[in-house]
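Numbering (the numbering used here), first residue to last: 173 to 408. Ideal Cβ positions, reconstructed from N, Cα and C, are used throughout, including at glycine.
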């Protein structure tokens, strides 16, 4: 898989609002014969350089010989006093009609730090998250609840001294069981070089009465362009 990022979209970093990462503008699947474009994103910006519309295009038959693109979704972003206030996510049906699928609304404290987000489907509250930030406004804990207040999971974030992601963990319930653990590995010059992810799958049966998790792993290595190679540091 190859992900291509729009450098102009760097001003819209999802991590500023409590999510890990940034959406790629293009995603390719590399097979034995050719690179297959799975989806492509385009962006519209406001005068402040923030993304206000995000369009997603997909090839309905990516493995045939024809290069086609259908508009499948659009996300519209609304800002208030410089903060992201609302995300409206629309999908297009087979006839090209645009339908609202979900809405996310953000709430901030007096410092402009996010403290809550509410997710609606069909204009009905589905779940919400309470957000705890550090002194720099970066989320360190997000607690997810059902619409009627039942805690379903916790997410935790740790950062480097420069504010980059260091670890990310997901738990079920009130941190009852670890489900995902992500570690970000930097070199001696603070370039991100690798991301290591562990998934914990808890299966209870006669052979595993104690419920020890089955662990699977994914490892992602960052490849930098040639003009950056000589600036990279060393890995321990």
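- For residue 253, the three-state secondary structure derived from DSSP is coil.
- Between the C-alpha atoms of residue 282 and residue 253 there is a straight-line separation of about 12 Å.
- Scanning its chain for C-beta atoms nearer than 8 Å, with the 5 sequence neighbours on each side dropped, one finds around residue 334 the residues 362, in chain order.
- Under the DSSP assignment, residue 368 falls in the beta strand (DSSP E) whose first and last residues are 364–373.
- Looking at 217, 233 and 408, the one whose alpha-carbon comes closest to that of residue 365 is 408.
- Per DSSP, residue 351 is one residue of the beta strand (DSSP E) stretching across 349–358.
- Taking every protein chain shown into account, the CB of residue 376 has fewer than 16 other CB atoms within 10 angstroms, so this residue is exposed.
- With respect to the 8 Å criterion, residue 332 and residue 354 are not classified as neighbours on the basis of their beta carbons.
- Collapsing the DSSP output to three states places residue 399 in a helix.
- The DSSP-derived three-state label of residue 307 is coil.
- Membership of residue 213 in the beta strand (DSSP E) is indicated by the continuous run 207–217.
- For residue 325, the beta-bridge partners assigned by DSSP are 316 and 344.
- In the three-state DSSP reduction, residue 273 falls in the strand class (E or B).
- Ranking 268, 352 and 284 by CA distance to the CA of residue 386 puts 352 first.
- Relative to the Cα of residue 389, the nearest Cα in the group 403, 371 and 404 belongs to 371.
- Residue 314 and residue 330 have their C-alpha atoms spaced approximately 12 Å apart.
- Around the beta carbon of residue 318, a 10 Å sphere encloses fewer than 16 other beta carbons of the protein chains shown; the residue is thus reported as exposed.
- Just so you know, the alpha carbons of residue 238 and residue 174 end up roughly 20 Å apart.
- Taking the C-beta atoms as reference points, residue 336 is found nearer than 8 Å to residue 356.
- Sequence-distant partners of residue 272 (beyond 5 residues in either direction) whose C-beta falls short of 7 Å from its own C-beta, in its chain, are 260 and 262.
- Spatial neighbours of residue 258 in its own chain (CB-CB distance under 6 Å, excluding positions within 5 residues in sequence) are listed in chain order as 250 and 277.
- Within the same chain, 253, 254, 255 and 309 come within 8 Å of residue 284 by CB-CB distance, once the 5 residues on both sides are set aside.
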